[in-house]
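From first to last, the protein sequence lines stand for chains A and B. Residue 117 in my numbering sits at position 117 of the first sequence, with consecutive numbering throughout. Residue 464 in my numbering sits at position 176 of the second sequence, with consecutive numbering throughout. For reference, the structure discussed in these notes is given below.
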Amino acid sequence: MIITNSKYGVILSIPGFIIIVALVIFPLATLFIASFLRYTPMHPVTFTGLKNYKYIFGDRLFWLSLQKTVIYAGGATGLTFCGGLIIAVLLSKITRGSGIFRSLTMFSWAVPLVISGFIWRWIFNPNVGVFSDLLMRLRLVSEPLPIFSNPVLAMFACIIADSWVRIPFMCIFALAGIESIPQELYDAARVDGADCIASFRHITLPLIKNMVFIGLLITSMISFRTIDVIFSMTGGGPARSTYVLSLYVIEQLWLRTNYGTGSAAGVIMLFLISSFASFYMYLILKKE
Amino acid sequence: MRRIIARILERPLTSYLLLIIILSIMLAPIIFTVFTSFKTREETFRWPPTYFPETPTLEAYREVLFRSPIARHLLNSLIIAIGTTTIVMIGGIFTAFGLSQYKFKGSKTVLLIFIATRIIPPISLLVPFYIIMSFLNLINTYVCLMIVNTFLWYPFAIWMLKSFFDKFPRELIDSAIVDGCTRTSAFLKVVVPVSAIGIASVAIITFLWTWNEFLYGIIFSNTRAIQPVTVGAHYFVGDELVQWDSIAATAIFTALPGIILFSIAQRAIVKGLTEGAVKG
Chain A
1 MIITNSKYGV ILSIPGFIII VALVIFPLAT LFIASFLRYT PMHPVTFTGL
51 KNYKYIFGDR LFWLSLQKTV IYAGGATGLT FCGGLIIAVL LSKITRGSGI
101 FRSLTMFSWA VPLVISGFIW RWIFNPNVGV FSDLLMRLRL VSEPLPIFSN
151 PVLAMFACII ADSWVRIPFM CIFALAGIES IPQELYDAAR VDGADCIASF
201 RHITLPLIKN MVFIGLLITS MISFRTIDVI FSMTGGGPAR STYVLSLYVI
251 EQLWLRTNYG TGSAAGVIML FLISSFASFY MYLILKKE
Chain B
289 MRRIIARILE RPLTSYLLLI IILSIMLAPI IFTVFTSFKT REETFRWPPT
339 YFPETPTLEA YREVLFRSPI ARHLLNSLII AIGTTTIVMI GGIFTAFGLS
389 QYKFKGSKTV LLIFIATRII PPISLLVPFY IIMSFLNLIN TYVCLMIVNT
439 FLWYPFAIWM LKSFFDKFPR ELIDSAIVDG CTRTSAFLKV VVPVSAIGIA
489 SVAIITFLWT WNEFLYGIIF SNTRAIQPVT VGAHYFVGDE LVQWDSIAAT
539 AIFTALPGII LFSIAQRAIV KGLTEGAVKG
């Protein structure tokens, strides 16, 4: 029996089909169906229509968590973007010892986010951490900063812990973009009298735009849904100042054991992320 | 003014200086953690905090390894990460190879579904996975954690692997087939050895991501016999008191695989990440 090449491709793809159906399509279907059900362990499961969605859109905590998520994701993405880009530009400029500098900047990428949360929780701790101590030694503050009891500072601390892990990732993308720019462009600009600020603005930035943009989209997508850092740093506090959307979904499962509203919250989150993720897909498809 | 700034920025020394400043900020947390892990517990609660351990001790490491469940959690993480990597790689290389070299009608759609999968936030599927896993009675098992981690990393692996196979010269496969190989043996004997570095980098990334995973770990496991170390690390966090020296030692054990693998295979990892995300 002869198997044609394209049939052979189908056979090879069977593991992929199985995984797509069992681990993506089936759970997604369950998610959508459960979001229309009154589904708790205590009651018989019944159809409720849009009640779960109504509950969530009427829930003050949902809107609060959405607001916190936008601040958190926006802050983390912004800090990651700036940090990653600056490091990438500096790394591209040096020649001697660039290998060792590169490895050292990438190190924090390997640290699990949960652990990053613990590390920064210690650093920012007003009773034992070095951050307050450093500020006091520099005479910037007179007493330890109570970071985790101040809503704004707590959010800021989480953003820093999150970005610390992501900056290397962003840096990898920016660096890959910068290195694909031919050196002749810079030489030509120099001949024309451009200084380094001008060549950065008119050569580097426009040419790495696409690469950086993909990195940016991935970072924002991921930080929109992360929870690890918040779990080990603040647990959502103080006074729900770092209460993000993911925590809201988990509470539907843990505190309320309501699979229906949990699913509805999941569907809403899926749509929110898809709205800017579809942009990411569009960019990739354009490349293909 | 601008000319002065530009001239300062153009000096190579400026780049080195700035890099050293940024690097020390980036590395300081790791260094602080290493130092804290060698302190005595009494010293970690002192104010003002000490920077270097005054009386270096291995007490925290002894506590973490022998008097706490962390060793067990590390073993759990290892089992889950190796299991997931095996499933993802075995399921991944054949499919990625098929999608890359033996295109069929609809293979493009399959690839599209794989990118689309990447944008599903894991938290959205938390509840459905929970329902399915309780139905199958799999909550709090290694198998459950391997399955959900496969969902998380399989699409990434497919795209990274595909971008490596895309660059594989087709003539090499064809000439192996002319020499009497079947397509499968040509794949296993020619393609896999030649792309070994690419395949290894995908395996390393999958291993690290699974090792670092937290959300599904905390939802789908609830006993110390199963929980991965990212979840188990909360053992030293009490309501009143956090045992900073032990937390620091745990942090080092948990970050160690990443730091070791990253030091060995940095080039391959960077390549895998950029190719998988940008081309894919």
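Positions of the beta carbon are idealized from the N, C-alpha and C atoms, including for glycine.
- Secondary-structure assignment with DSSP links V530/B through a beta bridge to V525/B.
- Judged by DSSP secondary structure, L79/A falls within the alpha helix (DSSP H) whose first and last residues are R60 to K93.
- Here the alpha carbons of V480/B and I487/B stand approximately 8 Å from one another.
- In the DSSP annotation of this structure, the continuous segment of the alpha helix (DSSP H) that includes W441/B starts and ends at Y430 to D454.
- Residue nearest to T542/B within the set A359/B, R458/B and S451/B is A359/B (criterion: CA-CA distance).
- A straight-line Cα-Cα distance of about 12 Å links P341/B and F333/B.
- From the beta-carbon of G75/A, no residue of chain B is found nearer than 8 Å; the closest lies around 17 Å away.
- Just so you know, the alpha carbons of P337/B and C158/A end up roughly 22 Å apart.
- Under the 8 Å criterion on CB atoms, Y430/B is classed as non-interfacial with respect to chain A.
- The stretch 523-540 of chain B makes no contact with the stretch 471-478 of chain B: fewer than 3 CB pairs, one atom from each, lie closer than 8 Å.
- Rounded to the nearest whole angstrom, the C-alpha separation of L297/B and P317/B is 28 Å.
- Inside the stretch 238-281 of chain A, DSSP marks whole alpha helix (DSSP H) runs of 4 or more residues at positions 245-254, from first to last along the chain.
- Within chain B, no residue has its beta carbon less than 7 Å from that of T234/A; the closest one is some 12 Å off.
- The continuous alpha helix (DSSP H) containing E298/B extends over residues R290 to E298.
- At the C-beta level, D467/B and S388/B stay beyond 8 Å of one another.
- One Cα belongs to K396/B, the other to L255/A, and the distance between them is close to 43 Å.
- Cβ contact annotation for C82/A (same chain, cutoff 7 Å, sequence separation greater than five): none.
- Closer than 8 Å at the C-beta level to chain A, one finds no residue of the stretch 473-485 of chain B.
- In this chain, the alpha helix (DSSP H) harbouring D187/A covers Q183 to V191.
- In terms of Cβ geometry, A491/B and T373/B form a close pair [threshold 8 Å].
- Within chain B, N500, F502 and T518 have C-beta atoms less than 9 Å from the C-beta of L113/A, given in sequence order.
- A Cβ-Cβ contact shorter than 8 Å links G371/B with Y430/B.
- Judged by beta-carbon spacing, V517/B lies within the 8 Å limit of L362/B, meaning their Cβ atoms are closer than that value.
- Counted as a single uninterrupted DSSP element, the stretch harbouring V45/A is not any alpha helix (DSSP H), since DSSP gives it neither H nor E.
- For E298/B, the chain A residues whose C-beta falls within less than 8 Å of its own C-beta are D195 and C196, listed in chain order.
- L31/A is a Cβ neighbour of P416/B, given a cutoff of 8 Å.
- Within chain B, the residues Q389, Y390, K391, F392 and R471 have their CB atoms less than 9 Å from the CB of N5/A, given in chain order.
- The Cβ atoms of G75/A and C171/A lie no closer than 8 Å to each other.
- Within chain B, the residues whose beta carbon sits less than 9 Å from that of W120/A are P317, listed in sequence order.
- By the rule that beta-carbons nearer than 8 Å mark a contact, Y72/A does not touch chain B.
- Nearest CB-CB separation between I446/B and chain A: below the 8 Å threshold.
- Here the alpha carbon of Y39/A sits roughly 40 Å from the alpha carbon of K393/B.
- Judged by beta-carbon spacing, N52/A lies beyond the 8 Å limit of G266/A, meaning their Cβ atoms are not closer than that value.
- Taking the Cα positions, P206/A is about 47 Å away from N127/A.
- Annotated three-state conformation of R137/A is helix, per DSSP.
- Residues are counted here when their Cβ sits less than 9 Å from a Cβ of chain A; for the stretch 397-409 of chain B these are V398, L399, L400, I401, F402, I403, A404, T405, R406, I407, I408 and P409, given in chain order.
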